[in-house]
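Presented below is the structure to which this report refers.
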Amino acid sequence: MTDYGSEKMAEEERNSSAEKLKEKANNHFKDKDYENAIKYYSEALELNPSNAIYYSNRSLAYLRTECYGYALADATRALELDKNYIKGYYRRATSNMALGKFKAALKDYETVVRVRPNDKDAKMKYQECNKIVKQKAFERAIAGDELKRSVVDSLDIENMSSAMVMVEILVQVKEVLTKLPSLVEITLQETEKLTICGDTHGQYYDLLNIFELNSLPSPTNPYLFNGDFVDRGSFSVEVILTLFGFKLLYPEHFHLLRGNHETDNMNQMYGFEGEVKAKYSSQMFQLFSEVFQWLPLAQCINNKVLVMHGGLFSEDGVTLDDIRKIDRNRQPPDSGPMCDLLWSDPQSQNGRSVSKRGVSCQFGPDVTERFLEQNKLQYIVRSHEVKAEGYEVTHSGKCITVFSAPNYCDQMGNKGAYIHLRGSDLKPEFHQFTAVPHPNVKPMAYANSLMQLGMM
Amino acid sequence: MASRQFLSCSDTADEAVRATCDDASTCKRFATSKGYWPDHYVQYFVRQIGERKAPEINRGYYGRVKGMNLLLDSFLKKTQCNCQVVNLGAGLDTTFWRLKDENVMPKKLFEVDFPMIVARKIHHIKTKPPLSKPLIETHSTDSLLLDGHSLDSDRYCIIGADLRDISVLEDKLKKFQINPELPTLFLSECVLVYMSPEQSSRLLHWITETFPTAMFINYEQVNMNDRFGQIMIENLQRRQCNLAGVDLCQSLDSQRERFLSSGWESVKALDMMTVYSMLPQEDVARIERLEFLDERELLQQLLQHYCICWAVKDRLSLDLSQIGF
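Right, dumping it as structure tokens:
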């Protein structure tokens with residue numbers, strides 16, 4: 001016998017011994033004795049280390065004992081030895097699923113489906129995995145907690161929120177919003193509490209801070225965000241995605257009202273359109289614009305407290321019914337009740353004045369008084385103006401301003417605030433907070449004030 | 001193994017200060033592109049960047065440019081152009097070309113800035129006919145005196161120098177024929193604040209000792225003790241930009257005092273909120289229609305934290321103290 005011949009014979013002997021060990025392992029596996037299955041697969045591998053099947057089987061045994069890392073390693077090894085070994089792809093996909101790496105798993109299921117187009121099981125697994133990938137993307141997009149941990153995580157949102165997920169969310173939010181009247185009416189029970197937030201303006205990290213301080217939204221922790229979610233800040237997309245996500249999760253307990261910055265003119269100039277175009281496309285911005293048009297204009301709580309972004313009206317005699325009847329699915333007109341709701345400001349002197357803003361008006365305490373009396377309300381809550389303390393009480397408590405973007409534009413040094421409203425007494429309780437650090441990212445459409453640093 | 005620090009601490013600080021030249025230029029470029037004020041020459045010094053500037057920034061620069069120009073033009077008129085203008089830390093300023101177009105040039109316009117900035121400016125002038133042609137037209141011979149860090153012509157001189165080194169500054173100005181007997185206007189926009197109070201005081205002293213008839217117009221920060229001011233300082237520090245002279249920017253009083261204590265006879269100071277309200281209001285109304293400002297508070301805060309301060313020394317009794325808004 002030649003040397004080669006004797007080598008060959010030795011190898012054949014080893015292989016047949018390995019096969020015997022494999023059979024032994026398989027039997028243990030059938031008996032659900034996974035530890036021993038692993039033991040004997042390992043011994044088989046010692047004798048025959050280039051057998052993809054052994055790795056694949058051991059991978060499955062590891063999966064059963066929840067050693068997902070080992071399972072993944074074995075599946076990967078199996079595929080290295082034989083890239084056409086379909087079971088290997090299955091094993092690797094399963095391992096990745098178990099490790100929460102759904103995108104990676106999806107890739108392997110895709111491969112199997114491609115190679116075996118008639119395999120129903122493969123197709124089913126692919127579809128299931130696909131659903132999970134989308135679901136996870138959505139959950140990650142709307143869950144604040146994990147994302148707060150690091151900048152890398154927040155960048156994850158940008159990767160995960162693919163256009164598909166975004167469109168899905170927007171389409172669903174639009175569905176929800178179109179069913180709402182222009183004046184939303186809610187009842188707070190005795191024991192219930194509502195949190196009202198003012199402008200957030202793309203300050204995503206400060207929004208997360210609100211959820212940190214005041215807990216995440218839930219049916220027992222309802223929120224109302226009073227407009228101006230986007231523009232000026234660097235993370236308008238992240239903010240609106242989060243708010244829309246919660247709207248879908250808790251439609252009855254998470255409320256959004258339209259602000260003057262939920263309009264095309266403002267978005268074009270103050271960053272949101274630029275940000276959406278850069279991160280997605282113009283068509284995506286179109287979709288946002290359409291959704292914004294369906295945001296309700298005001299909210300009435302227990303028939304006593306009225307909330308709107310801007311303020312009251314350029315003329316006396318406007319009733320809640322008039323607000324209800326506003327045809328809001330449009331850009332706000334230059335004047336009239338819809339414009340006023342989004343743009344007006346209170347003033348200290350009685351009567352009305354031309355607005356410093358050049359749109360709508362300024363209304364005095366007497367205007368507020370008359371409106372409240374006519375509509376049998378106690379007071380109004382509005383936002384729209386930055387306040388050093390995050391909130392301001394004017395018109396003898398009948399007109400409250402709440403603003404939730406602290407250190408606005410990285411310059412103003414103001415506090416943010418939110419209001420707790422209890423169903424039992426409807427007395428506003430103010431909570432202030434300061435700005436938290438954020439990544440040094442400038443808004444898309446224009447240089448951030450941080451970069452701008454005034455006029456140098 | 002010896003290691004050599006590439007940039008010393010002060011180099012980094014100076015670099016940060018030089019970078020503010022780009023801030024100012026790009027802001028002015030953007031504002032002019034939107035029609036806030038005419039400037040046909042800034043485009044040759046700085047490219048149009050893709051991003052917008054916020055409306056309050058544009059309005060702020062409008063106030064600054066209009067305010068400074070108003071006082072400069074008044075000085076030229078009062079002296080019937082029989083004067084000199086020295087722009088300290090001029091950056092990529094286009095005043096020379098404006099004055100030439102309007103036919104109201106001083107006897108000579110001097111600009112001083114860091115050699116690196118001056119080199120850049122000279123490069124643009126050399127390579128762009130719209131810039132060089134007007135310059136050559138004002139010059140008596142065919143050739144301008146041009147080297148890496150300076151440009152000299154009959155009516156326009158650009159000098160690379162460090163304002164903290166008075167003796168070098170003096171030498172260079174004298175080399176390029178500055179005439180201390182002529183009424184001389186000194187301009188600085190956000191320049192003194194980057195020098196320590198001692199350094200800027202030396203500069204101001206030197207001017208009053210050397211120029212018997214002079215005016216100084218200073219644009220820079222004011223009211224810096226409040227929250228807004230503190231945040232501005234912090235934001236700048238994060239950019240390694242140190243407002244070494246910020247102590248003098250506490251109030252209009254401190255701004256006035258620094259001039260009175262360095263040999264100037266009289267001084268006036270107004271915050272930009274006031275200046276803005278005193279500019280020709282028809283034009284203000286025009287620019288306010290260019291872009292809609294969503295939050296007036298932002299503009300207000302900005303304007304309240306900058307000022308124009310102008311000081312006079314009037315040996316020739318030209319009534320320079322009458323100049324104002």
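Chains W and F, in that order, give the protein sequences.
When we follow full-length UniProt numbering, the leftmost residue of the first sequence carries the number 1, and every step to the right adds one.
When we follow full-length UniProt numbering, the leftmost residue of the second sequence carries the number 1, and every step to the right adds one.
We put the beta carbon where it would ideally sit given N, CA and C, even for glycine.
> F:Met105: buried (16+ other C-beta within 10 angstroms of its C-beta) or exposed?
Replying inline: Stepping through the second sequence from its first residue, residue 105 of chain F is reached at position 105. By the 10 Å Cβ count, F:Met105 comes out buried.
>> Residues in the same chain with beta-carbon distance under 7 Å from W:Lys103, minus the five sequence neighbours each way, listed in chain order, please.
In response: Sequence index remark: in the first sequence, residue 103 of chain W carries index 103 (1-based). Around W:Lys103: Val133.
> Pick from W:Gly390, W:Ser42 and W:Trp294: whose alpha carbon is nearest that of residue 534 of chain W?
Replying inline: Given a span of 1 to 456 for chain W in the structure shown, any question on residue 534 of chain W remains unanswerable.
> In chain order, which continuous runs of the alpha helix (DSSP H) of length 4 or greater are located wholly inside the segment 183 to 218 of chain W?
Replying inline: Uninterrupted alpha helix (DSSP H) stretches at least 4 residues long and entirely within the segment 183 to 218 of chain W occur at 204 to 214, given in chain order.
> Taking the alpha carbon of W:Asp345 as the point to measure from, which residue in W:Lys24, W:Gln299, W:Ile400 and W:Arg324 has its own alpha carbon closest?
Replying inline: The residue given as residue 345 of chain W occupies position 345 in the first sequence. The candidate whose alpha carbon is nearest that of W:Asp345 is W:Ile400.
> Taking a cut of 9 Å between CB atoms, which residues from the segment 403 to 415 of chain W lie near chain F?
Replying inline: Going along the segment 403 to 415 of chain W in chain order, one finds Asn407, Tyr408, Cys409, Asp410, Gln411, Met412, Gly413 and Asn414 with a Cβ nearer than 9 Å to chain F.
> Got a sec? Which residues, its chain only, sit under 6 Å from W:Ala105 by beta carbon, not counting five neighbours each side?
Replying inline: Here residue 105 of chain W is taken as the residue at index 105 of the first sequence, counted from 1. Taken in chain order, the residues that qualify are Ala93, Asn96, Met97 and Cys129.
>> Using a Cβ-Cβ cutoff of less than 7 Å, which residues in the same chain neighbour F:Leu236 once the five nearest sequence positions on both sides are dropped?
In response: Along the second sequence, one-based indexing puts residue 236 of chain F at 236. Annotation for F:Leu236: Leu243 place their beta carbon closer than 7 Å to its own, counting only its chain and skipping 5 residues before and after.
> Which residues in chain F sit within 8 Å of W:Lys356, going by Cβ to Cβ distance?
Replying inline: Position 356 of the first sequence holds residue 356 of chain W. Going along chain F in sequence order, the residues near W:Lys356 (Cβ under 8 Å) are Arg296.
>> Could you give the first and the last residue of the continuous alpha helix (DSSP H) run that contains W:Phe371?
In response: One-based indexing of the first sequence puts residue 371 of chain W at position 371. Pro365 to Gln374 is the span of the alpha helix (DSSP H), which, as asked, contains W:Phe371.
> Looking at the structure shown, is F:Cys83 part of a helix, part of a strand, or coil, going by DSSP?
Replying inline: The residue labelled residue 83 of chain F in the question sits at position 83 within the second sequence. Residue state, collapsed to three classes: coil.
> Taking a cut of 9 Å between CB atoms, which residues from the segment 268 to 281 of chain W lie near chain F?
Replying inline: Result list: Met269, Tyr270, Gly271 and Gly274.
> Quick one: which chain F residues come within Cβ less than 9 Å of W:Val386?
Replying inline: Within the first sequence, numbered from 1, the residue matching residue 386 of chain W stands at position 386. Contacts between W:Val386 and chain F, judged by CB atoms closer than 9 Å, involve Glu295, Glu297 and Leu298 in chain order.
> Whole beta strand (DSSP E) runs in the segment 173 to 254 of chain F with 3 or more residues, listed along the chain?
Replying inline: As far as the segment 173 to 254 of chain F is concerned, its whole beta strand (DSSP E) runs of at least 3 residues are 184 to 189 and 213 to 221.
>> Just to confirm the assignment, what range does the alpha helix (DSSP H) spanning W:Ser95 have?
In response: By one-based count along the first sequence, residue 95 of chain W stands at place 95. For W:Ser95, the enclosing alpha helix (DSSP H) begins and ends at Ile86 to Ala98.
>> Using a Cβ-Cβ cutoff of 9 Å, what residues of the segment 252 to 266 of chain W are near chain F? List them in chain order.
In response: Hits within the stretch, in order: Asn260, His261, Asn265 and Met266.
>> Helix, strand or coil, according to DSSP, for F:Trp310 in the structure here?
In response: Translated into positions along the second sequence, residue 310 of chain F becomes position 310. Note: F:Trp310 maps to strand in three-state DSSP.
>> Please identify the residue among F:Val275, F:Leu318 and F:Tyr156 whose C-alpha is closest to the C-alpha of F:Tyr62.
In response: The residue labelled residue 62 of chain F in the question sits at position 62 within the second sequence. Selected option, being the one with the closest Cα: F:Val275.
> Do you know offhand how far W:Ala10's Cα is from W:Gly88's?
Replying inline: Translated into positions along the first sequence, residue 10 of chain W becomes position 10. Translated into positions along the first sequence, residue 88 of chain W becomes position 88. Those two C-alpha atoms are separated by around 28 Å.
> What residues of chain W sit near F:Phe292, judged by a beta carbon separation below 9 Å?
Replying inline: The residue labelled residue 292 of chain F in the question sits at position 292 within the second sequence. Within chain W, the residues near F:Phe292 are Asn265, Met266, Met269, Arg357, Gly358 and Val359.
> How many Å lie between residue 384 of chain F and F:Gly263 at the Cα?
Replying inline: Residue 384 of chain F cannot be examined here, being either before or after the span of chain F that is shown, 1 to 325.
> List, in order along the chain, the chain W residues whose C-beta lies closer than 8 Å to that of F:Phe45?
Replying inline: Numbered from its first residue, the second sequence carries residue 45 of chain F at position 45. Simply none; closest approach about 16 Å.
>> Do F:Met273 and F:Gln322 have their beta-carbon atoms positioned less than 8 Å apart in this structure?
In response: For the purposes of this step, residue 322 of chain F is taken as residue 322 along the second sequence, with counting starting at 1. For the purposes of this step, residue 273 of chain F is taken as residue 273 along the second sequence, with counting starting at 1. Cβ atoms of F:Gln322 and F:Met273: not closer than 8 Å.
>> Taking the straight line between their C-alpha atoms, what separation do you get for W:Gln331 and W:Cys300?
In response: If you number the first sequence from 1, residue 331 of chain W lands on position 331. If you number the first sequence from 1, residue 300 of chain W lands on position 300. About 22 Å.
> Can you name the residues of chain W whose CB is closer than 9 Å to the CB of F:Ile231?
Replying inline: Within the second sequence, residue 231 of chain F is the residue found at index 231, counting from 1. When 9 Å is used as the limit between beta carbons, F:Ile231 is near these residues of chain W: Asn407, Asp410, Gln411, Met412 and Gly413, in chain order.
> When you compare each of W:Leu341, W:Asn350 and W:Cys67 to residue 462 of chain W by their alpha carbons, which one comes out closest?
Replying inline: Past the edges of chain W, shown from 1 to 456, lies residue 462 of chain W, and the structure says nothing about it.
> So is F:Arg286 in contact with chain W if we call contact Cβ pairs under 8 Å?
Replying inline: Taking the second sequence and counting its residues from 1, the one referred to as residue 286 of chain F is at position 286. At a cut-off of 8 Å between beta-carbon atoms, F:Arg286 makes no contact with chain W.
>> Whether or not the segment 364 to 372 of chain W and the segment 323 to 343 of chain W are in contact is what I'm after, with contact meaning three or more pairs of Cβ atoms, one per stretch, closer than 8 Å; do they touch?
In response: As far as the Cβ criterion goes, the segment 323 to 343 of chain W does not touch the segment 364 to 372 of chain W, which means the pair count is below three.
> List, in order along the chain, the chain W residues whose C-beta lies closer than 8 Å to that of F:Gln301?
Replying inline: Counting from 1 along the second sequence, the entry for residue 301 of chain F is found at position 301. Near F:Gln301 (Cβ distances below 8 Å), the residues of chain W are Gln411 and Met412.
> Helix or strand or just coil, what does DSSP make of W:Asp145?
Replying inline: Reading the first sequence from its first residue, position 145 is the one you call residue 145 of chain W. Only weak support exists for where W:Asp145 lies, its pLDDT of 46 falling under 50; the coordinates are left without a value.
> Beta-carbon separation of W:Ser360 and W:Cys339 under 8 Å?
Replying inline: In the first sequence, residue 360 of chain W corresponds to position 360, counting from 1. In the first sequence, residue 339 of chain W corresponds to position 339, counting from 1. Less than 8 Å divides the Cβ of W:Ser360 from the Cβ of W:Cys339.
>> Please identify the residue among W:Met164, W:Thr195, W:Gln283 and W:Val115 whose C-alpha is closest to the C-alpha of W:Leu216.
In response: Start at 1 with the first residue of the first sequence, and residue 216 of chain W comes out as number 216. Distances from the alpha-carbon of W:Leu216 to those of W:Met164, W:Thr195, W:Gln283 and W:Val115 put W:Thr195 closest.
>> Mapping the DSSP letters down to three states, classify F:Arg52 as helix, strand or coil.
In response: To locate residue 52 of chain F, count along the second sequence from 1; it is residue 52. Strand, per DSSP.
>> According to DSSP, is W:Met124 part of a helix, a strand, or is it coil?
In response: Residue numbering aside, residue 124 of chain W sits at position 124 when the first sequence is read from its first letter. Correct three-state label for W:Met124: helix.
> Shorter than 8 Å from the beta carbon of F:Phe228 to some beta carbon of chain W?
Replying inline: Taking the first residue of the second sequence as position 1, residue 228 of chain F is located at position 228. So, interface residue.
>> Considering Cα atoms alone, identify which of F:Leu76, F:Arg239 and F:Ala214 is closest to F:Thr20.
In response: Residue mapping note: residue 20 of chain F aligns to position 20 of the second sequence, counting from 1. Looking at the Cα atoms, F:Arg239 is the closest of the given residues.
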